[in-house]
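Under full-length UniProt numbering, the sequence shown has 590 at position 590, and the numbering climbs by one with no breaks.
Take a look at the structure set out below.
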Amino acid sequence: MKLSPRVLPGALHGHNRGACDWGRQSLIAYGCQNFVVVFDPKSVQVIQTLTLHTAPCTKVKWARDNYHHDSNSPYILRLASGDTSGNVIVWDISQGTAVTEFSDGNRPILDLEWLGTQDACHDLLAVLHAPSSMILWNADTGTKLWKKTFQEALLCFAFDPFIPSNVTLMCQDWILFINDFSIGKAPESNGRKFYLTSSGSASPSGSFVGSPTVGPDSKNTNKPATPKSALSRMRLWGGGDSKNRAGEESVALSDCLQLAYLSSAHHHLLALFPREVMILDMEINQAVCSFSLERNSPSFLQVIPCQQRDVLMCLHENGSVIMRVRRRVENNPYFFEPDERSNDTNSSVDIIYENKCQSDPLRLGKSSRLFGFMCCPTSERKVALLISDGRMIIWELKAKRLQGEASVLSEEALKASLPCNTDSEQLQCHVNPNLTLSDVIPPPLTSGNVIQNSVHYKFIMAALSSVVSSPTCSVMCPPLTTKNWASYKPLLAVGNSQGCVQVFNLGTGLLTREYTIHTGAVKGITWSSLESFFSWAQASGSTSKNELQLVSIKTGQTTPIELGKAAEESTVEAVKVSQLRQYFLVVIKDRPMQLWDLKNLTVLREMASKFSSITALEWSPSLHSKHLKKKLSQQLEQSPSGIAANVLDPSRANQTQTQSWIKEHFVCMDQDRVLYHFVVEGTVIKDGSKVQCDSTLGIVTYVAWKGDFLVLSDVDGNLSIWELKARVTRSIATHRGHIKKIKFGPGRGNFKLGVLFSDGVDIWDLQKFEIFSNYKLPKDSPPLIDLDWLASDLPITTHSNGAIFVMTMDLKHSSSPMAQMDLDGPLWCPHIMEPKSSLILKSILQHSLGRDKYSLTDISDLEIQKEETLRAIEDQLQMIPPAIANLLQNSTLGTAQKCYLTAFLYGDESETTFWEVALHFLRREKARLLCVKHQGDHQPMYNRARSFSADLFNPSETTAKLRRSFSARSLDLLSIDDDLDMCGQEETGMNGSETCCCYPVSLDTCYDILSDTDAFQRSQLDRLALHDSKRSTYEHTKKCADTLVLLGQADRAVQLFLETDAANDNYYVDSLRACLVATIRSSGASQSTIKLVATNLIASGKLAEGVQLLCLIDKGLDACRYLQTYGEWDRAAWLAKATLNYPDCAEVVRRWIEHLSSTHTSQQSKAVLVLLSLGKFYRALDMLYSMRYFDRAALFAEACQEYGFLSPSDEKNTALVHAVYTEYARYLHGLGLEKPAYFFASKVGPKARQLLDGL
């Protein structure tokens, strides 16, 4: 049993609202008063408290794990927290210490964000300091990199998860949008301001936000009328622009509760209002979705957008959580004729979130509020609610009637997408793991079909933590001695204002018992033994009887103690149990004191009526221990024979056995400051001496007696110390007001005395007669209630807000390293293991490492040398949830799946993303190469005769053809292409003859440009159709028309150009553009002219217009090259992915990868993912090797070979794979895994073995 300084958290401070964060390593951190609490939701316990803040915490944020981990950058737990006095502290959780502390002025911290987008540095922390400064800090050193001050008061910020340079800040009246955020220097601009307008009564009740009420798209007015949205448009706040245009009024942002980017969809920003959710598209600066609550629904408090699927977790005022899932668009209006659309309700391109699941509302007390709402970032299937009284509730999403991959894949497709050596038995084992949100909500398909989601969802309460609630007193059980050490538990009984007694184990910090036994607030508690205590209260209400109970902890039985008719309405002031546990005294207000027998619970004596004004009382410590031991042993010898004699001799049976008593002493003080000394033996109370105290003392509140010291304390803050043997009295004036309690620390010869004031604690060393340490509460803190000792060097203080501090003797610290703390059972957390051990554990989970059989139970054959490392790893392996352990041992998808599961267990963001993308494209590529229809998709047109290509991927040409043939059916004004009909026929002919076994599942939209080409192209057209339907101004229409030209939707573009009003300055230009788009043919003469014009436009600075012209004449590749030359890298990649065929797209992306890998950009990890998405596995492996990610590279090489790529017959492949294995062997050797290192070296050959021998 380890007893160490710690804090039991209580109720939260008003400023702690929103100061909570759920980290990827599956731990929750939240601010509670002036300290930070780290909570483990799996075992439902507080595992660390951090106490260096001097003001209430306003924000906490876990550091992002978005980088590669090895011996140089191991797994650690890092957390940043900010408080109202402007301090930011970065913590090392496992040690419980601060790594750095920094501040800029003393104004509150409004927001924190760790930057995790580039590979070079992962210590950057962006901080929003009140009122209007944004500062970028290096959190490792505490240095300020830059500071930017804005003109208006800021509230919070949101970082775009897709584009690191975009940040949105929320002010009182508008939104500030910055697009030049960078690490190197502060943003130069003050941002573009947007405000929101509502269009008054002019907007028709049925139309969606800002949708046009004229033109071809106003059909949605005949839908059932939805409640009129309060907000309809976002406007750019121009300098001289008057805010109020006709029919518009500005909407105050002051009731906006939250801003958050959707991490599942590019460019979308969510703004939350009490009764409405709005989603703004930052590319067109317009609201594209809004939904309001019905009249009787409880208001929104917070919304968490999920990443893995387009899902919103919404928290409402009544504490219920609703999961809303976005409906997938089935029919794009550019592909289907209008008459087909009108019959089908699903043909809408609007963003619609459907309510799929709702948790039960909470019944909160009057004083309780919801202070925090979090979602587990690794699984996104658990949400946590933090209540202001300190309790935590965790809901888990369960799914019924779940269909796995099998429902989407045909058996051929499933077989084709599994590793090469999979047999039919393993096919049966292939299960959906149900670990994450993406496992329970169906994925999008590349074909664009929508999987019908018939799953039933339910929120199950997974955990409810308990805390100290509004305490009135807290008392430690009797101290540890040599006799009781075998059964001793460090229990603290805490009484609260609701009449409840909570018993906490201070070894683990957990609540072990809770008794609701009183009708009024608990007035006091006294332990009568290690297993029972007295507690007393005054019943609330008109009767106001006193309640005194004896509670047994073992059985939970409570015995009421009746104090007699005369005393039943008087208040019990104190109950004191004698040192030898024979008697207890009950002090009753304005009534004589009573002496009771503790063993039989009977009254022995009632004192004379002059003892009805006792203010303090204490039993004498047992001084004559030898004499006592002798007497006790005599008693024990007599008792068995006495009882046996009764059994044999019936005549003696009715004679009651007389109880023998031992003399004990007590002293008490009355209101006249007279100290009485009594000797008790059985029912006999003898008067001892009577002493009149010094006149400088006020009314005595407390007496403490230990050894030769008797200490009195009074209401004015004076201490009177009597040394009994030497007959010396000394007095001390502390000048700190009323002394609430004094208590000696436990342990023989320990004369440290704790003195409790309402604003702090002093510890005195009475042997040296000096103050040992003192502690004063910060200003405006809630007062202290009680003081006690956990051990001779660990004082305990209880605060009125419920926090219980176990402190060090210097009263400075109340947190310890996690290694010194006892937790309730083992804890799954590789981040707090010794760095090497956590990396060894990771290697064991990822690969069999040359063992005959992959096993998580027996790792003896790895020959790990250090005993404690082995023990720590075995403990962690036992903690792995059975479902995941089972999947690891029977992983049908091979090494890549093991690595993905390991990354999931570790909460490692960078590994999870890498392995999810790698696994997806390995399966997709393998299936494509086996598919007779699509194996040739990746070759240039002239190369299609050869059936196999070295580089692989399936953004099918057919999508482009299909799109053109669809357009052909819906041409309203003109016909663009002559060969459309042929292409449509060719398509159908091909479908009939052969079945396709491609892998039809796509990555979701959160992967954006990495997702499969067909799905990406489709999502871009859906988004464009949405923008098209929301057009409200000329600027929006022009933007839509431009994008339509880029994406090859020529006929619709012509329609939009022709909509331009004759009064508009651009009327002539737009009419000409309509003619140009309509009349273009692919004839040589006009092509060369247009190309020349486009080049001239680009040269004269009109990049966008030039690119459009190039796209019109099918010169998309040239357009992308121009965009790249002018630094528009993301735009070029988007255009290539959305419009070009595979070889051209690969060429554009190749240049983009070079740009990403440059030292200036430092986004090599993203570059690797882009290579994977193109199916260029050799290049990806080479890049991992050059980045020195040797462990990831070696395991990726294994995975590729399992799926039949990087075949050993090619010398180029072999050389790279051998180089990777050699380095991996060296890495394993460095971790101390000798045997696995030689296993990988032997794959390479004798040279690698020699290298290891040399090490």
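All C-beta atoms in this analysis are idealised placements derived from N, C-alpha and C, irrespective of residue type, glycine included.
Where does H518 fall in DSSP's three states?
In the sequence shown, the residue the question calls residue 518 occupies position 518. Of the three classes helix, strand and coil, the one that applies to H518 here is coil, per DSSP.
Expressed to the nearest angstrom, what Euclidean distance is found between the alpha-carbon atoms of S695 and K776?
Translated into positions along the sequence shown, residue 695 becomes position 695. Translated into positions along the sequence shown, residue 776 becomes position 776. A straight line joining the alpha-carbon of S695 with that of K776 spans about 29 Å.
Simplified DSSP assignment, three categories, for S4:
Here the question's residue 4 lines up with position 4 in the sequence shown. Coil.
For D978, which of helix, strand or coil comes out of DSSP?
Taking the first residue of the sequence shown as position 1, residue 978 is located at position 978. Legend: pLDDT at D978 = 34, less than 50; position of this residue unreliable, value from coordinates given subsequently. Coil.
Under a Cβ-count criterion, where at least 16 other Cβ atoms within 10 Å of its own Cβ denotes burial, should L1255 be classed as buried or exposed?
Mapped onto the sequence shown, residue 1255 falls at position 1255. By the Cβ neighbour-count rule, L1255 is exposed, with fewer than 16 other Cβ atoms within 10 Å of its own.
Kindly indicate which residue of K61, D1014, S454 and G850 has the alpha-carbon position closest to the one of L445.
Translated into the one-based positions of the sequence shown, residue 445 becomes position 445. Nearest option by C-alpha distance: D1014.
C-alpha distance - L499 paired with A574, whole-angstrom precision:
One-based indexing of the sequence shown puts residue 499 at position 499. One-based indexing of the sequence shown puts residue 574 at position 574. Looking at the sequence itself, residue 499 is Gly, so the reference to Leu does not match. Straight-line Cα distance between these residues: approximately 17 Å.
Beta bridge counterpart(s) of E664 as assigned by DSSP:
In the sequence shown, residue 664 corresponds to position 664, counting from 1. DSSP output for E664 lists V680 as bridge partner(s).
Own chain, CB closer than 8 Å to S132, minus 5 neighbours either side, in chain order
As a working note, residue 132 is residue 132 in the sequence shown. Excluding positions up to five away in sequence, the list reads T149, F150, Q151, E152, A153 and L154.
Cβ-based burial, I394 [other Cβ within 10 Å; buried from 16]:
Translated into positions along the sequence shown, residue 394 becomes position 394. Of the other Cβ atoms in all chains shown, 16 or more fall within 10 Å of the Cβ of I394; this residue is therefore buried.
Straight-line CA distance for S43 to N190?
As a position in the sequence shown, residue 43 is number 43, starting the count at 1. As a position in the sequence shown, residue 190 is number 190, starting the count at 1. S43 and N190: Cα-Cα distance of roughly 47 Å.
C1040 (DSSP reduced to helix, strand or coil):
Position 1040 of the sequence shown, counted from the first residue, corresponds to residue 1040. Reduced to three states, the DSSP call for C1040 is helix.
If you follow the beta strand (DSSP E) that K776 is in, where does it begin and where does it stop?
In the sequence shown, the residue the question calls residue 776 occupies position 776. Counting along the chain, the unbroken beta strand (DSSP E) around K776 starts and ends at E770 to K776.
Is DSSP giving G200 helix, strand or coil here?
For the purposes of this step, residue 200 is taken as residue 200 along the sequence shown, with counting starting at 1. Unreliable positioning characterises G200 in this predicted model, as indicated by a pLDDT of 35, which lies under 50. The coordinate reading is nonetheless provided below. Secondary structure at G200: helix, using DSSP grouped into helix, strand and coil.
Do the segment 4-13 and the segment 25-36 make contact, defined as three or more Cβ pairs closer than 8 Å?
Result yes; three or more Cβ-Cβ pairs closer than 8 Å.
Verify whether the separation of the beta carbon atoms of M818 and S4 is less than 7 Å.
Taking the sequence shown and counting its residues from 1, one reaches residue 818 at position 818. Taking the sequence shown and counting its residues from 1, one reaches residue 4 at position 4. No, Cβ-Cβ distance for M818 and S4 is not below 7 Å.
For the alpha helix (DSSP H) containing K1137, list its first residue and its last residue.
Start at 1 with the first residue of the sequence shown, and residue 1137 comes out as number 1137. Its alpha helix (DSSP H) spans residues W1129 to T1139.
Alpha carbon to alpha carbon, how far is P778 from L756?
Within the sequence shown, the letter at position 778 stands for residue 778. Within the sequence shown, the letter at position 756 stands for residue 756. When only Cα atoms are considered, P778 and L756 end up about 15 Å apart.
If contacts are defined as beta-carbon pairs under 8 Å, then V806 and R6 qualify, I think. What distance do you get, rounded to the angstrom?
Here the question's residue 806 lines up with position 806 in the sequence shown. Here the question's residue 6 lines up with position 6 in the sequence shown. About 5 Å separates the beta carbons of V806 and R6, which is inside the 8 Å limit, making them a contact pair.
Helix, strand or coil for R1031 per DSSP?
The residue you call residue 1031 lines up with position 1031 of the sequence shown. Looking at R1031 - three-state DSSP - the assignment turns out to be coil, as it is neither helix nor strand.
Please list the terminal residues of the continuous alpha helix (DSSP H) segment that includes M821.
Working through the sequence shown from its first residue, we reach residue 821 at position 821. That residue, M821, is in no alpha helix (DSSP H); it is neither H nor E in DSSP.
Straight-line Cα distance separating L409 from C931
Along the sequence shown, one-based indexing puts residue 931 at 931. Along the sequence shown, one-based indexing puts residue 409 at 409. Going from the Cα of C931 to the Cα of L409 covers about 14 Å.
Terminal residues of the alpha helix (DSSP H) in which Y146 lies:
In the sequence shown, residue 146 corresponds to position 146, counting from 1. Before going on, a small fix: residue 146 reads as Trp here, not Tyr. Taken as a continuous stretch (DSSP letters only), W146 belongs to no alpha helix (DSSP H), being part of the beta strand (DSSP E) at T143 to T149.
Skipping 5 residues on each side, what residues in its chain have a beta carbon closer than 6 Å to that of N220?
Mapped onto the sequence shown, residue 220 falls at position 220. Only weak support exists for where N220 lies, its pLDDT of 30 falling under 50; the value from the coordinates is given anyway. Listed in chain order, the non-local C-beta contacts of N220 below 6 Å within the same chain number zero, local neighbours out to five positions each way being set aside.
Let me check understanding here. Comparing Cα to Cα, which of N296, I279 and A126 lies closest to V288?
Counting from 1 along the sequence shown, the entry for residue 288 is found at position 288. Per the C-alpha coordinates, the member of N296, I279 and A126 positioned closest to V288 is I279.
Could you tell me how far apart the beta carbons of L510 and Q820 are, in whole angstroms, since I believe they sit closer than 8 Å?
As a working note, residue 510 is residue 510 in the sequence shown. As a working note, residue 820 is residue 820 in the sequence shown. With 8 Å as the limit, L510 and Q820 do not qualify as a contact, their Cβ atoms being about 17 Å apart.
In three-state DSSP terms, what is T1125?
As a first step, residue 1125 is located in the sequence shown; it is residue number 1125 there, counting from the start. Note: T1125 maps to helix in three-state DSSP.
Inter-stretch contact at 8 Å, needing at least 3 Cβ pairs: the segment 33-40 / the segment 841-848:
Taking a cut-off of 8 Å on C-beta distances, the segment 33-40 does not touch the segment 841-848, as fewer than three cross pairs fall below it.
Give a single yes or no on whether R275 has its beta carbon closer than 6 Å to a heavy atom of the ligand MN.
The model on display carries no ligand, and the ligand MN is accordingly not part of it.
Here's the rule: buried if 16 or more other CB atoms are within 10 angstroms of the residue's CB, otherwise exposed. What is K458?
Counted from its first residue, the sequence shown places residue 458 at position 458. Classification for K458: exposed.
Helix, strand or coil at R513 [DSSP, three-state]
Taking the sequence shown and counting its residues from 1, one reaches residue 513 at position 513. Residue state, collapsed to three classes: strand.
When the Cα atoms are used, what is the spatial distance from L648 to D765?
Within the sequence shown, numbered from 1, the residue matching residue 648 stands at position 648. Within the sequence shown, numbered from 1, the residue matching residue 765 stands at position 765. For L648, the pLDDT reaches just 47, beneath the cut-off of 50, and the residue's location in the model is therefore unreliable, leaving the point undetermined.
What does a CB cutoff of less than 6 Å around K523 pick up in its chain, not counting 5 residues either side in sequence?
Locating residue 523 in the sequence shown gives position 523, counting from the first residue. Cβ within range, chain order: W536 and A537.
Stretch pair the segment 866-886 + the segment 85-102: three plus CB contacts closer than 8 Å
Touching, no, given that fewer than three Cβ pairs across the two stretches are closer than 8 Å.
For V806, the residue or residues it bridges with in DSSP
Counted from its first residue, the sequence shown places residue 806 at position 806. Answer by DSSP bridge pairing, in chain order: R6 and I796.
Measure the alpha-carbon distance for N355 versus S469 and round it to whole angstroms.
On the sequence shown, residue 355 is found 355 positions in, with the first residue counted as 1. On the sequence shown, residue 469 is found 469 positions in, with the first residue counted as 1. Distance between the alpha carbons of N355 and S469 is about 35 Å.
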